[in-house]
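Trainee:
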Amino acid sequence: MANLTIVSVDDEYPALQLIQKYCGQMEDVDLLKIFQNPEEALDYLKENRVDLVILDINMPYINGIELLHQLPYKPLCIFLTLETQYAVKAFELDVVHYLVKPVDFETFRKAINKAKDFLQFKNSAEHQKKEDFIMFKSNYVMHKVLLNDVRWVQGFGEYIILVTPLKKYMILERMSNFEEKFQNLGFIRIHKSYIVLSSHISSYDTAHVHLKDGEKLPLGRTYKSFVKKVFE
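50 is the number of the first residue of the sequence shown in my numbering; add one for each residue after it.
1) If you reduce the DSSP assignment to three classes, tell me which class residue 180 lands in.
2) Pull up the CB-CB distance for residue 221 and residue 141, whole angstroms please, since I reckon it's below 8 Å.
3) Have a look at residue 75 and residue 158 and give me their C-alpha separation to the nearest angstrom.
4) According to the neighbour-count rule (16 or more other Cβ atoms, all chains shown, within 10 Å of its Cβ), is residue 62 buried or exposed?
5) At what residue ranges does the region 83 to 160 contain a whole run of the alpha helix (DSSP H), taking only runs of 4 or more?
6) Taking C-alpha atoms, which residue in 279, 216, 263 lies nearest to residue 239?
7) Tell me whether the beta-carbon of residue 261 lies closer than 8 Å to the beta-carbon of residue 251.
8) Take the Cβ of residue 118 as the centre, count every other Cβ of all protein chains shown within 10 Å, and call the residue buried at 16 or more, exposed below.
9) Per DSSP, what are the beta-bridge partners of residue 211 in this structure?
10) Assuming residue 182 contacts residue 193 (C-beta within less than 8 Å), just tell me the rounded distance between them.
11) Would residue 83 and residue 69 qualify as a contact pair, given that the criterion is a beta-carbon distance under 8 Å?
12) Helix, strand or coil for residue 252? Go by DSSP, reduced to three states.
13) Is it the case that the CB of residue 243 approaches a heavy atom of the ligand NAD more closely than 7 Å?
14) Looking only at C-alpha atoms, which of 199, 211, 128 sits nearest to residue 248?
Here you go:
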């Protein structure tokens, strides 16, 4: 496995020096850049993809959460901060870890190793056959579900419900994000609030999509062309 590439952003230089020291004591990590100015970090990260960003939260110009939101891709993230009140928000963003300053080397090492494990798991999933499974986070736990077991996905504002024969999973993610992330696996939008696997569709009419398991879901008028292509 290639080294874990890291960028660290913190307006306090001593914190960056400590991260440099800790990373220098670890194998298989490359600390590519450190930034005191989060705007400069954002410019760099927009042009250079990295595996992991280590972010302070309370910084001038752009805080760590805002910086993460503005990236065109989603790297792994560890927040390293004096603030404690953002922990829940951080985990909603699927961060790897939330470290509160001051942090000792052993705690830092465990967080980095967790990021390594997560990246390795993610990479192995991406190399699986596309019909095998999908991975997602629900209630702070990573889940692995066989692709063929996904009956449909239903949207509820900021959340989606992923329905399988045995269980329903609530996921903090918008429908559009799920659609973009997994559309190459055969998922199609059939309604503003529903996504299904095209391989599960048996037929459709003017108002509904009929699945092979007998379920009937609403078909939105603007999405009929997507369903029609399944039968071409």
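Ideal placement from N, C-alpha and C gives every residue a C-beta, glycine not left out.
Mentor: Inspection of the coordinates gives the following:
1) Caution applies to residue 180, whose pLDDT of 48 falls short of 50 and renders its modelled position unreliable; the value that the coordinates give is listed next. Reduced to three states, the DSSP call for residue 180 is coil.
2) 6 Å
3) 8 Å
4) exposed
5) 87 to 96, 113 to 119, 136 to 141
6) 279
7) yes
8) exposed
9) 202, 218
10) 5 Å
11) yes
12) strand
13) The ligand NAD is not among the ligands present in this structure, which contains no ligands whatsoever.
14) 199
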